[in-house]
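Peer 1: In the numbering used here, the protein residues as written are 268 to 637.
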Ligand code: UDP
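#1: Among residues of its own chain, excluding the 5 on either side of residue 616, which ones have a beta-carbon nearer than 7 Å to its beta-carbon?
#2: Run the Cβ filter for me: residues under 6 Å from any heavy atom of the ligand UDP, listed in the order they occur in the chain.
#3: Only counting runs of 4 or more residues, tell me where the alpha helix (DSSP H) segments fall wholly within the region 330 to 367, in order along the chain.
#4: Quick check on DSSP: helix, strand or coil for residue 270?
#5: Out of 319, 412, 299 and 286, state which residue places its alpha-carbon closest to the alpha-carbon of residue 547.
#6: Whose C-beta lies closer than 7 Å to the C-beta of residue 581 among residues of the same chain, with five residues either side of it excluded?
#7: Do the region 551 to 561 and the region 396 to 411 meet, that is, are 3 or more Cβ pairs less than 8 Å apart?
#8: Could you spell out the range, first to last residue, of the beta strand (DSSP E) harbouring residue 295?
#9: Please report how far the alpha carbon of residue 689 lies from the alpha carbon of residue 303, in whole angstroms.
#10: So which of 538, 467, 540 and 552 has the shortest CA-CA distance to residue 530?
#11: According to DSSP, is residue 526 helix, strand or coil?
#12: Which term fits residue 502, buried or exposed, when burial requires 16 or more other beta carbons within 10 angstroms of its beta carbon?
#13: In the DSSP assignment, what residue or residues form a beta bridge with residue 454?
#14: Work out the CA separation of residue 620 and residue 335 for me, nearest whole Å.
#15: To the nearest angstrom, how far is the alpha carbon of residue 358 from that of residue 282?
#16: Going by beta-carbon coordinates alone, are residue 526 and residue 351 separated by less than 8 Å?
#17: Can you have a look at residue 291 and say buried or exposed, based on whether 16 or more other CB atoms are within 10 angstroms of its CB?
#18: Starting from residue 464, trace the beta strand (DSSP E) in both directions and tell me its first and last residue.
#19: Mark residue 634 as exposed unless 16 or more other C-beta atoms lie within 10 angstroms of its C-beta, in which case mark it buried.
#20: Give every residue of the same chain whose Cβ lies closer than 8 Å to the Cβ of residue 554, excluding the five residues on either side of it in the sequence, and list them in chain order.
#21: Compare the C-alpha of residue 441 against each of 343, 321, 328 and 365 and name the closest.
#22: Specify the secondary structure class of residue 316 as computed by DSSP and reduced to three states.
#23: Please say whether residue 409 and residue 385 have beta carbons closer to each other than 8 Å?
#24: Reducing DSSP to helix, strand and coil, say where residue 568 ends up.
#25: Closer than 7 Å by C-beta to residue 323: which residues in its own chain qualify, once you throw out the five before and the five after it? Chain order, please.
#26: What do you get for residue 640, buried or exposed, if any count of 16 or more other CB atoms within 10 angstroms of its CB means buried?
#27: Can you tell which of 346, 309 and 295 has the C-alpha that lies nearest to the C-alpha of residue 454?
#28: Buried or exposed: where does residue 289 fall if 16 or more other Cβ atoms within 10 Å of its Cβ makes it buried?
#29: Under the rule that 16 or more other beta-carbon atoms within 10 Å means buried, what is residue 522, buried or exposed?
#30: When DSSP labels each residue in this structure, what does residue 307 get in the three-state scheme?
Below, the structure is given as structure tokens:
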């Protein structure tokens, strides 16, 4: 009999498992996929760390989390600076002096602020949705060219129906600084995310290709307590209806050329281009393999955002009012479930960054293990 059965070998599950094992508990980690690391999974192709479920760039302001992850991986100094492509025009992201210069020809912070101040006049009340929030932050020009198309493709919903908080993820700066994140620490595990998770799970029993829901009874019998990181609505057999998720489809190409787009991420912010962005994986490690050798080939992934359908891999929770209300109902059911802890992006139906999910797993472990 194990002390804990951890369902899901992603970040939440792996961190909880590590903490439990270090506290002297016995742990079994299972995952229905054939690999560990959940959606941060990376694999080596032609010397390139390929992010199979989309690009993950670690960033945090959380000292404790940074110290924690550095116990399990060495991080490189990658800084995310995506480029936006709007119908062939290129703009710097996030919204900063380079962007304002490219958009309006302004050269000083004062001129940029005046331009935005003028354009935000159309919003006279507290922003009620993403569109109003975006215009009030950066004005209509940037909203139309760099936000509207991208956001509506990513979420499959009008910016008028999306919550304002999503756009607050992006910094707005009146300095020349293309760093996408306002984080003290940022980087990519030099040996890949899979290795990071492998190190977290070192010495812990793992069973892959094992679906919890389909084998719940037998699996529950193996442990005193369950830590469940799968989708909360799936756990309850979708009895209150299903929560909505966005799924992502990737078209991957291995190209016999060293440099496709000159950057890790290019966002396609118009409404016409069907993909949301193209990731060129080798730039997460500066175009080099683990030995520091230049990589002759490249892999690109075109990313398409779609509505999740039963049986597919869920990616992003849709935190609009309807889904948040349904989640609250599932959460009430979860609270009645004794000896099961629900955690992580799918277990808590939250648009979690990696550092936040690690912080949450550490907190959960501390509460649980003392
Ligand atoms: N966003 C945008 N234009 C961009 C990039 C991001 O409008 O070029 C907005 C959009 O609303 C999106 C949010 O910022 O939903 C977060 O985007 P990001 O690419 O950071 O999300 P990720 O998929 O990386 O978590």
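Glycine included, each C-beta is placed from N, C-alpha and C at the ideal position.
Peer 2: According to the data block:
#1: 499, 510, 584 and 594
#2: Per the Cβ criterion, the list is 351, 360, 413, 414, 417, 418, 421, 433, 434, 436, 437, 534 and 536.
#3: 330 to 337
#4: strand
#5: 319
#6: 498, 512, 514, 575 and 613
#7: no
#8: 294 to 297
#9: The structure shown does not extend to residue 689, since the chain is modelled only from 268 to 637, so the question has no answer here.
#10: 552
#11: coil
#12: buried
#13: 325
#14: 16 Å
#15: 38 Å
#16: Residue 526 is not a Cβ neighbour of residue 351, given a cutoff of 8 Å.
#17: exposed
#18: Looking at the DSSP string, residue 464 is not in any beta strand (DSSP E); the run it does join, the alpha helix (DSSP H), is 460 to 467.
#19: With fewer than 16 other Cβ atoms within 10 Å, it is exposed.
#20: 525, 526, 561 and 562
#21: 365
#22: Residue 316 falls in the strand class under three-state DSSP.
#23: No, the Cβ-Cβ distance between residue 385 and residue 409 is not below 8 Å.
#24: strand
#25: 307, 460 and 621
#26: The question about residue 640 has no answer here: the residues shown for the chain are numbered 268 through 637.
#27: 346
#28: exposed
#29: exposed
#30: helix
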